[in-house]
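Numbering (our numbering), first residue to last: 218 to 648. Structure record follows, encoded as structure tokens.
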Amino acid sequence: MSWHKTTMGRAISLKPIFSSYAMSGGALASASIAQLATFAMLARALGPVEFGLFVQVAAISAIGIQICGLGASDSLFRRIVQAPERYPDLLGHNLLLIGLSAAVLVPLAAAGLSFWLTMQTGPGLGLPSIVLLLVTNILLVRAILLVETIYLGLGREAAANRSVVGFALARTATAALACTVFGVDTLAGWAAWQFCGNLLYALLCAAWLLPLGRPRAVILREELRPGLLFSSQFAMRALRQNADLFVVGLFASIETVASYGVARRIMDSSYITIDSMNRLVYRRFVRASRDGLHRALPDAGRVLVGAVVLGSGTALLLFLLAPWLGLAFGRAYDEVTFFVRCLSGTIALIAVWSVAIDLLGASGRQGARAMILSTVNLLGGGLIAAASWLAGPSAAIVALYAIEAGTAAAAWLVLLSLAARSRGCALSAAA
218 MSWHKTTMGR AISLKPIFSS YAMSGGALAS ASIAQLATFA MLARALGPVE
268 FGLFVQVAAI SAIGIQICGL GASDSLFRRI VQAPERYPDL LGHNLLLIGL
318 SAAVLVPLAA AGLSFWLTMQ TGPGLGLPSI VLLLVTNILL VRAILLVETI
368 YLGLGREAAA NRSVVGFALA RTATAALACT VFGVDTLAGW AAWQFCGNLL
418 YALLCAAWLL PLGRPRAVIL REELRPGLLF SSQFAMRALR QNADLFVVGL
468 FASIETVASY GVARRIMDSS YITIDSMNRL VYRRFVRASR DGLHRALPDA
518 GRVLVGAVVL GSGTALLLFL LAPWLGLAFG RAYDEVTFFV RCLSGTIALI
568 AVWSVAIDLL GASGRQGARA MILSTVNLLG GGLIAAASWL AGPSAAIVAL
618 YAIEAGTAAA AWLVLLSLAA RSRGCALSAA A
């Protein structure tokens with residue numbers, strides 16, 4: 218009877234965790250499906266050539282959005298978990314850095330992308346359209362994503378889920394209206410529609426946040442260094458993740474770039490099982506590591522088991538569903554199934570290292586986290602570029618597996634080393 222009561226008690230205590238995960242996972246899954254539907258509509262409407270251009274613009278935007286705001290969103294999350302009353306200062310700090318960094322990033326990215334596209338054969342893209350796409354995908358998207366971070370930091374998961382799903386549905390609705398109703402079939406036309414749709418949703422987000430308090434126009438100097446460290450690691454990762462797209466674009470047809478880009482977007486969307494867990498446990502990691510990194514290791518071990526199970530299951534599901542995913546984008550993208558099946562296994566490796574990386578970030582060890590990700594991604598970017606240049610996308614996929622495995626090993630070695638040092642310091646203080 219006592220065993221039965223203990224088991225029932227554990228089940229009851231785990232119920233809120235499973236419930237939160239189901240809500241988080243459901244929200245991210247809905248958003249992911251909506252994003253894939255948007256991507257499929259654009260792929261069909263624009264065709265492989267124009268869609269190939271879109272993939273390369275999206276690759277530049279993915280790097281720029283990691284730099285935009287200079288990593289201030291991580292400081293906002295961690296600080297409002299610890300001190301919610303600092304929200305007005307933290308919000309103002311974020312908005313100022315987003316605006317200032319975007320004012321530099323967009324012109325630089327536009328100039329670089331315009332030059333890059335002139336090196337390739339096929340239709341180009343005018344500078345006004347390039348600028349509009351970059352403003353939308355860097356400035357507006359970074360501002361919109363801030364809403365989810367704020368709500369998660371305040372512990373309002375339902376509101377965070379609403380913002381994620383709402384943004385995905387808004388993009389899908391915009392694509393459906395533009396491509397299906399108004400027959401948009403050029404990237405220049407989509408640039409205008411996407412800007413208007415994202416701007417309207419950004420204004421809606423501002424209305425949602427207004428009751429929480431107005432921002433104070435202030436730069437928090439003590440948060441600049443942690444933010445830059447946070448931003449640099451993900452900017453390097455984005456650069457590494459998109460290096461193959463640029464190199465493949467030089468030596469392969471734009472149609473191959475389009476198919477490879479579709480597969481990469483499908484993979485990005487498939488990380489929801491890992492992301493939905495990480496966004497829930499990050500707050501727990503912040504609190505558990507407050508009195509020492511070693512105190513959070515038991516939680517990290519349990520999360521690791523769950524992450525590996527989820528990542529492996531997702532990889533297997535993607536492998537089995539790959540032929541149907543390819544059909545959704547049309548016959549013009551006939552290489553999508555091959556690329557998805559080859560890339561699916563990377564999800565399990567990402568699940569392994571994401572737990573260690575998140576715990577390092579939650580405990581405030583952004584230096585160690587930046588060292589791991591920046592070093593691996595810098596070396597990995599060169600490896601992927603070289604592999605793509607020598608043997609095309611297939612070699613790039615092999616390099617991707619090597620990089621993800623190396624990241625997992627490095628992240629856990631550093632985490633366990635720092636945890637041992639933290640435990641030693643605690644024992645010395647107690648003595």
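Note that CB positions come from ideal geometry on N, CA and C, so glycine has one too.
May I have the straight-line CA-CA distance separating Leu386 from Arg442, to the nearest angstrom? 35 Å
Using C-beta distances below 7 Å, list every residue in its chain close to Leu404, excluding the 5 sequence neighbours before and after it, in chain order. Leu263, Glu267, Leu270, Phe271, Leu342 and Ser346
Report buried or exposed for Gly641, applying the criterion of at least 16 other Cβ atoms within 10 angstroms of its Cβ. exposed
What does the alpha-carbon distance come out to for the pair Phe546 and Ala475? 11 Å
Give the range of the alpha helix (DSSP H) segment to which Gly598 is assigned. Gln583 to Ala608
Spatial neighbours of Ala643 in its chain, beta-carbon cut-off 6 Å, leaving aside the 5 residues before and after: Gly509
For Ile355, which residues in the same chain have their Cβ closer than 8 Å to its Cβ, ignoring the five residues on either side in sequence? Ser278, Gly281, Ile282, Cys285, Ala319, Leu322, Val323 and Ala326
Whose C-beta lies closer than 6 Å to the C-beta of Leu437 among residues of the same chain, with five residues either side of it excluded? His310
Are there 16 or more other CB atoms within 10 angstroms of the CB of Thr490, so buried, or fewer, so exposed? buried
Straight-line CA distance for Val398 to Leu253? 19 Å
Exposed or buried, which one is Val364 when buried takes at least 16 other CB atoms within 10 Å? buried
Note down the Cα distance separating Gly518 from Arg582, rounded to an integer number of angstroms. 18 Å
Compare the C-alpha of Val557 against each of Ser580, Ala532, Ile574 and Ala573 and name the closest. Ala532
At what residue ranges does the segment 414 to 460 contain a whole run of the beta strand (DSSP E), taking only runs of 3 or more? none
Distance between Val525 and Thr563 (C-alpha atoms, nearest Å): 11 Å
With 16 other Cβ atoms within 10 Å as the buried cut-off, status of Arg295: buried
Where do the ends of the alpha helix (DSSP H) carrying Arg388 lie? Glu374 to Ala392
With DSSP run on the structure shown, which of helix, strand or coil describes Leu371? coil
Please report how far the alpha carbon of Ile367 lies from the alpha carbon of Arg586, in whole angstroms. 22 Å
Identity of the residue in Val298, Leu535 and Ala395 nearest Ser561 by Cα: Leu535
Jot down the residue ranges of each uninterrupted alpha helix (DSSP H) in the segment 536 to 585, minimum 4 residues, whole runs only, in chain order. 553 to 560 and 563 to 579
With distances taken Cα to Cα, identify the nearest neighbour of Arg359 among Gly288, Asn378, Ala377 and Phe447. Gly288
Could you round the C-beta distance between Leu576 and Leu632 to whole angstroms and report it? I think they count as a contact, below 8 Å. 6 Å
Exposed or buried, Arg638, counting other C-beta atoms within 10 Å across all chains shown (16 or more means buried)? exposed
For Val479 and Phe256, the rounded distance between their alpha carbons: 8 Å
Which of the three DSSP states, helix, strand or coil, is assigned to Ala637? helix
Mapping DSSP to helix, strand and coil, what is Tyr238? Its pLDDT being 49, under 50, Tyr238 is placed unreliably in this model, and the value from its coordinates should be taken loosely. It is helical.
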